[in-house]
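Below: the structure, in structure tokens.
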Amino acid sequence: MAGGSFALPKPRPSGPPYFSRNQVANVLHQVAVLLELQGANVFRVRSYQNASRLLGSLSEDLGELVASGEIFNMKGIGKGLGSALTQAITEGRWPDDWIDLHTNTPPGLIEMLGIPGLGPKRIKLMADELGVDSVASLKEAALNNQIAPMKGFGAKSQQRMLDGIELLSRFRARRRLDIGLRYGEAFQRKIAAIDGVHRATLAGSARRRKDTIGDLDVVVAVDEADHETVANAILNLSGIADVKGAGDSKISLILDTTIFDESFTVGHIDPNVLDAIGGDDYEQLEAGGTIDAQVRLVPPHVEPFTLAYFTGSKEHNIAVRQRAIDRGLRLNEFGLIPETKAGDLKGMEAAVHSLGAADEAAIYAHLGLAYVPPELREDMGEVLAAETGSLPSLIETSHIKGSLHNHTTLSDGEASLELMADTARKMGWNWLGIADHSPTLKIANGASAEDLLEQGRTIQQYNAEWAEQGVDFRLFHGVESDILEGGKLDHPDDVLAELDYVVASVHAMTKWRGRDEHDNTEELLKVIDHPATTVLGHPTGRILQGREGYEVDLYAVLEHMAEHNEEGRLKAIELNASPYRLDLDWRLCKHAKGLGVPVAINPDAHSIRGLSDIAYGVMTARKGWIEPNDTLNALSGADLAKRLVR
DNA sequence: GCCGTTTTCGGCCCGACTGTTTTCAGTCG
2 MAGGSFALPK
12 PRPSGPPYFS
22 RNQVANVLHQ
32 VAVLLELQGA
42 NVFRVRSYQN
52 ASRLLGSLSE
62 DLGELVASGE
72 IFNMKGIGKG
82 LGSALTQAIT
92 EGRWPDDWID
102 LHTNTPPGLI
112 EMLGIPGLGP
122 KRIKLMADEL
132 GVDSVASLKE
142 AALNNQIAPM
152 KGFGAKSQQR
162 MLDGIELLSR
172 FRARRRLDIG
182 LRYGEAFQRK
192 IAAIDGVHRA
202 TLAGSARRRK
212 DTIGDLDVVV
222 AVDEADHETV
232 ANAILNLSGI
242 ADVKGAGDSK
252 ISLILDTTIF
262 DESFTVGHID
272 PNVLDAIGGD
282 DYEQLEAGGT
292 IDAQVRLVPP
302 HVEPFTLAYF
312 TGSKEHNIAV
322 RQRAIDRGLR
332 LNEFGLIPET
342 KAGDLKGMEA
352 AVHSLGAADE
362 AAIYAHLGLA
372 YVPPELREDM
382 GEVLAAETGS
392 LPSLIETSHI
402 KGSLHNHTTL
412 SDGEASLELM
422 ADTARKMGWN
432 WLGIADHSPT
442 LKIANGASAE
452 DLLEQGRTIQ
462 QYNAEWAEQG
472 VDFRLFHGVE
482 SDILEGGKLD
492 HPDDVLAELD
502 YVVASVHAMT
512 KWRGRDEHDN
522 TEELLKVIDH
532 PATTVLGHPT
542 GRILQGREGY
552 EVDLYAVLEH
562 MAEHNEEGRL
572 KAIELNASPY
582 RLDLDWRLCK
592 HAKGLGVPVA
602 INPDAHSIRG
612 LSDIAYGVMT
622 ARKGWIEPND
632 TLNALSGADL
642 AKRLVR
């Protein structure tokens with residue numbers, strides 16, 4: 002769950018609604034954790050967790066749901082939570098008992114939950130009996146041998162806590178998609194290479210391409226005869242920092258960067274991103290990092306079921322399982338079993354009677370559904386779409402013909418115009434947009450109007466030469482303009498008129514984060530109204546694992562763009578493909594698609610390597626149900642040129 | 001805490017694994 006600090010957010014002054022959907026979801030999650038630490042009823046805790054997840058994946062406007070009273074009709078929100086949320090949203094006050102929970106729980110207890118193998122029950126017990134209320138005091142108690150003699154504890158538990166405290170200092174709750182995938186793919190490759198492994202597949206949120214990944218799941222198909230040798234081989238792989246558990250079918254591990262065959266580097270980082278993610282220490286931090294991983298070993302005929310189960314999401318699984326139940330079938334990680342045959346049998350024993358499935362598609366087919374791509378498995382309408390044959394034909398990297406937001410050495414890029422163009426051609430693109438920073442952004446060496454126009458003349462020359470040689474490649478000339486006070490662009494209109502397009506981006510984050518949603522949104526609406534503005538760059542301003550974005554109503558922004566588009570003026574929203582940003586998120590993508598606002602998948606490349614970040618943008622776009630025609634990237638150069646005429 | 005009901009209480013997902021026990025509780029996913 003996002004939002005590192007464990008505190009109740011303050012109401013925003015412009016409310017109601019006084020809190021955002023995300024804030025409320027976070028608070029519900031916090032309350033669930035605090036209740037657990039208090040030793041509350043587990044089902045009560047689960048209610049808060051369920052409600053948190055429900056709001057987290059909500060596409061409707063929470064303010065409206067509360068205002069209309071619809072909130073009380075949602076499955077999982079009853080009288081208690083419904084009134085609590087209504088009070089928070091409409092009055093800006095959290096319930097008193099939630100406030101008490103936050104005040105009365107030592108923050109150290111929450112920190113202790115991060116120690117592997119330590120849960121709320123044992124933390125509470127140690128707090129009650131030994132007065133342990135922080136990781137530091139736990140370490141002291143363990144070193145003084147106070148833990149082992151306690152009932153239910155022992156020498157092993159005590160030692161595991163000490164080991165866990167060491168690992169905790171290297172642990173990060175979630176990793177960005179790019180980092181998580183690098184770990185996951187390295188681990189998956191090593192397992193796949195083991196003798197006796199039929200197939201090893203990365204499942205879980207990595208397979209669903211979430212923008213951040215909590216832990217890795219790998220499903221391994223292996224004959225029962227080879228089970229033990231394969232499990233042992235996995236435990237002996239390099240890159241394992243700790244074994245949390247190892248049984249017949251399940252291995253639970255902590256990996257670190259020794260999993261990589263070459264030394265770990267993070268590559269170029271935009272200077273204004275670097276500060277937000279840990280400054281100069283960032284590379285060290287990642288190099289010393291760890292990630293949790295689970296491996297499931299199953300026989301080949303069971304593997305499709307296990308893969309589907311551990312790919313999730315949990316919400317998608319529930320929706321599909323319900324469909325199975327409606328058809329008299331029991332769906333779990335072992336099979337799809339007719340209830341009449343399963344009877345009282347459990348687990349693998351019941352699975353003997355499972356319907357056969359050679360792959361995941363066959364499981365969906367048994368349930369009357371088309372194959373659902375992993376990226377869509379979030380219970381956001383994909384099950385219905387799979388039933389009615391209306392799943393999208395998702396965009397793929399091979400559809401990409403170019404991208405609009407790229408930098409050169411004219412501002413803060415590492416590569417020349419020529420090298421960027423050459424690399425784009427080698428990637429199979431037919432066009433490339435150059436959008437260097439504008440003068441106000443001094444930290445990024447923003448280019449003067451004079452230099453910008455000179456760059457334009459160079460681009461024209463290249464385009465003329467390529468046209469003459471019959472080369473199917475062209476450059477488009479734009480600028481990434483800072484958005485100035487009053488929603489103005491950073492160049493005079495006569496300079497902007499010389500360009501093919503403008504990416505308008507927020508950079509002065511201190512100012513934007515200090516303002517409320519209404520003022521920020523108004524500012525963006527104004528800059529969209531400027532005739533020169535084509536693309537709204539990295540619209541949320543968030544940096545994953547770094548900082549939250551600024552307050553803004555992007556739904557209103559998208560609707561405003563849709564009006565312009567209807568009147569023939571191209572206004573596109575950027576899906577920033579840099580793995581540090583990955584905004585839009587998939588929810589906003591879906592909304593843009595619904596409104597017919599084109600999505601511009603842009604790597605925001607500062608180097609030739611940066612161009613390949615487009616892959617992460619495509620993954621995120623797929624999560625947002627984006628098809629090639631929903632983007633500007635799949636247009637041919639000639640078609641894009643037509644769209645860019647202002 | 002929520003839900004559903006042959007409606008006001010009883011059930012709420014559950015299997016794997018560990019470390020403690022000697023039959024089970026806690027943790028995890």
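Numbering (this note's numbering), first residue to last: 2 to 647.
Yeah, the Cβ is synthetic: ideal placement off N, Cα and C, and Gly gets one too.
All values derive from a computational prediction rather than experimental measurement.
Output the boundary residues of the alpha helix (DSSP H) element that contains Pro17. Position 16 of the first sequence holds residue 17. No alpha helix (DSSP H) holds Pro17; DSSP gives it neither H nor E.
Between which two residues does the alpha helix (DSSP H) containing Asp640 stretch? Against the first sequence, residue 640 aligns to sequence position 639. It spans 638-644 - the alpha helix (DSSP H) in which Asp640 sits, taken as one unbroken run.
Taking the beta strand (DSSP E) that Lys245 belongs to, which residues open and close that run? Mapped onto the first sequence, residue 245 falls at position 244. Per DSSP, Lys245 is one residue of the beta strand (DSSP E) stretching across 241-247.
Which residues mark the beginning and the end of the alpha helix (DSSP H) in which Tyr49 is found? Reading the first sequence from its first residue, position 48 is the one you call residue 49. Following the DSSP letters along the chain, one finds Tyr49 inside the alpha helix (DSSP H) bounded by residues 43-57.
With respect to the alpha helix (DSSP H) encompassing Phe306, which residues constitute its N-terminal and C-terminal limits? On the first sequence, position 305 is the one that residue 306 refers to. 304-312 is the span of the alpha helix (DSSP H), which, as asked, contains Phe306.
Where do the ends of the beta strand (DSSP E) carrying Val220 lie? Here residue 220 refers to the residue found at position 219 of the first sequence. Under the DSSP assignment, Val220 falls in the beta strand (DSSP E) whose first and last residues are 216-223.
Which term fits Val646, buried or exposed, when burial requires 16 or more other beta carbons within 10 angstroms of its beta carbon? Here residue 646 corresponds to residue number 645 of the first sequence, with the count starting at 1. Looking at its Cβ environment, which holds fewer than 16 other Cβ atoms inside 10 Å, Val646 is exposed.
Which one or two residues does DSSP pair with Arg548 in a beta bridge? The residue you call residue 548 lines up with position 547 of the first sequence. Partner residues in the beta bridge of Arg548, as assigned by DSSP, are Ile544.
Using only the alpha-carbon positions, how far apart do Lys402 and Glu466 sit? Sequence index remark: in the first sequence, residue 402 carries index 401 (1-based). Sequence index remark: in the first sequence, residue 466 carries index 465 (1-based). Their backbone Cα atoms lie some 20 Å apart in a straight line.
What does DSSP give as the partner residues of Pro339 in its beta bridges? Taking the first sequence and counting its residues from 1, one reaches residue 339 at position 338. DSSP, once it has assigned bridges, lists Leu330 as partnering Pro339.
Given a cut-off of 7 Å on the beta-carbon distance, is the pair Leu596 and Ala563 in contact? Within the first sequence, residue 596 is the residue found at index 595, counting from 1. Within the first sequence, residue 563 is the residue found at index 562, counting from 1. For Leu596 and Ala563, yes; Cβs fall inside 7 Å.
Using DSSP bridges, identify the partner residues of Ala201. Against the first sequence, residue 201 aligns to sequence position 200. Bridge partners of Ala201: Val221.
Out of Ile364, Ser21, Leu330, which one is the CA nearest neighbour of Val303? In the first sequence, residue 303 corresponds to position 302, counting from 1. For Val303, the nearest C-alpha among the options comes from Ile364.
Looking only at its chain, what residues have a beta carbon closer than 6 Å to the beta carbon of Leu356, apart from the 5 residues adjacent to it on each side? Taking the first residue of the first sequence as position 1, residue 356 is located at position 355. Excluding residues within five positions, the ones whose Cβ falls inside 6 Å are Leu337, His367.
Going by DSSP, name the residue or residues bridged to Ile252. Counted from its first residue, the first sequence places residue 252 at position 251. In the DSSP secondary-structure assignment, Ile252 is bridged to Ala247, Val296.
Nearest-angstrom Cα separation, counted from Phe7 out to Leu82: In the first sequence, counting from the first residue as 1, residue 82 sits at position 81. In the first sequence, counting from the first residue as 1, residue 7 sits at position 6. Leu82 and Phe7: Cα-Cα distance of roughly 20 Å.
Report yes or no: do three or more beta-carbon pairs, one from the stretch 342-352 and one from the stretch 372-389, lie closer than 8 Å? Segments in contact, no.
Determine the contact status of Phe477 and Asp501, defining contact as a CB-CB distance below 7 Å. Taking the first sequence and counting its residues from 1, the one referred to as residue 477 is at position 476. Taking the first sequence and counting its residues from 1, the one referred to as residue 501 is at position 500. Yes, these two residues count as a Cβ contact at 7 Å.
Which word fits Ile602, buried or exposed, when buried means at least 16 other C-beta atoms lie within 10 angstroms of its C-beta? Position 601 of the first sequence holds residue 602. Around the beta carbon of Ile602, 16 or more other beta carbons sit within 10 angstroms, so the residue counts as buried.
Can you find at least 3 beta carbon pairs, one from the stretch 609-628 and one from the stretch 537-545, that sit closer than 8 Å? With a cut-off of 8 Å, the stretch 537-545 and the stretch 609-628 do not count as touching, because too few Cβ pairs lie within range.
Under the three-state reduction of DSSP, which class applies to Ser1: helix, strand or coil? Given that the chain is displayed from residue 2 to residue 647, the structure contains no residue 1 and the question cannot be resolved.
For His508, which residues of its own chain have a beta-carbon under 6 Å away from its beta-carbon, when the five flanking residues on both sides are left out? Position 507 of the first sequence, counted from the start, is the residue given in the question as residue 508. Only Leu442, Asp483 meet the Cβ criterion.
Following the continuous beta strand (DSSP E) through Asn237, name the residue where it begins and the one where it ends. Looking up residue 237 in the first sequence gives position 236. First-last for Asn237: undefined, no H or E at that position.
Name, in chain order, the residues that DSSP records as bridge partners for Tyr502. For the purposes of this step, residue 502 is identified with residue 501 of the first sequence, where counting begins at 1. Tyr502 pairs with Gly479.
Alpha carbon to alpha carbon, how far is Asn27 from Ser21? Give it in angstroms, no decimals. As a first step, residue 21 must be located in the first sequence, where it is residue number 20. As a first step, residue 27 must be located in the first sequence, where it is residue number 26. So the two alpha carbons sit approximately 10 Å from each other.
Contact under 7 Å by Cβ, Asp437 with Ser412: Here residue 437 refers to the residue found at position 436 when the first sequence is read from its first residue. Here residue 412 refers to the residue found at position 411 when the first sequence is read from its first residue. In this structure, Ser412 lies closer than 7 Å to Asp437 by Cβ.
Report all residues from its chain with a CB closer than 8 Å to the CB of Tyr283; omit the five preceding and five following residues, and keep chain order. In the first sequence, residue 283 corresponds to position 282, counting from 1. Val267, Ile270, Leu275, listed in sequence order.
Excluding sequence positions up to five away, which residues of its chain have a Cβ less than 6 Å from the Cβ of Ala446? As a first step, residue 446 is located in the first sequence; it is residue number 445 there, counting from the start. Here residue 446 turns out to be Asn, not Ala, going by the sequence shown. Non-local beta-carbon contacts of Asn446 in its own chain, meaning distances under 6 Å to residues more than five positions away in sequence, involve Ser412, Asp413 in chain order.
Met2 to His30 span [Cα, whole Å]: For this step, residue 2 is matched to residue 1 along the first sequence. For this step, residue 30 is matched to residue 29 along the first sequence. Confidence at Met2 is low in this model, with a pLDDT of 34, below 50, so the placement of that residue should be treated as unreliable; the coordinate-derived value is given next. When rounded, the distance between both Cα atoms is 8 Å.
When the distance is taken between beta carbons, is Glu361 closer than 7 Å to Pro305? Residue numbering aside, residue 305 sits at position 304 when the first sequence is read from its first letter. Residue numbering aside, residue 361 sits at position 360 when the first sequence is read from its first letter. Going by beta carbons, Pro305 and Glu361 fall inside the 7 Å limit.
Using DSSP with H/G/I as helix, E/B as strand and the rest coil, what is Gly5? Translated into the one-based positions of the first sequence, residue 5 becomes position 4. For Gly5, the pLDDT reaches just 48, beneath the cut-off of 50, and the residue's location in the model is therefore unreliable, although a value from the coordinates is still provided. Gly5 falls in the coil class under three-state DSSP.
In DSSP terms, what Ala601 is bridged to: The count along the first sequence starts at 1 and reaches residue 601 at position 600. Ala601 has Glu575 as its beta-bridge partners, per DSSP.
Three-state secondary structure (DSSP) at Thr259? The count along the first sequence starts at 1 and reaches residue 259 at position 258. Under the three-state reduction of DSSP output, Thr259 falls in the helix class.
Using only the alpha-carbon positions, how far apart do Arg208 and Gln461 sit? Here residue 208 corresponds to residue number 207 of the first sequence, with the count starting at 1. Here residue 461 corresponds to residue number 460 of the first sequence, with the count starting at 1. Between Arg208 and Gln461, the alpha-carbon positions lie close to 42 Å from each other.
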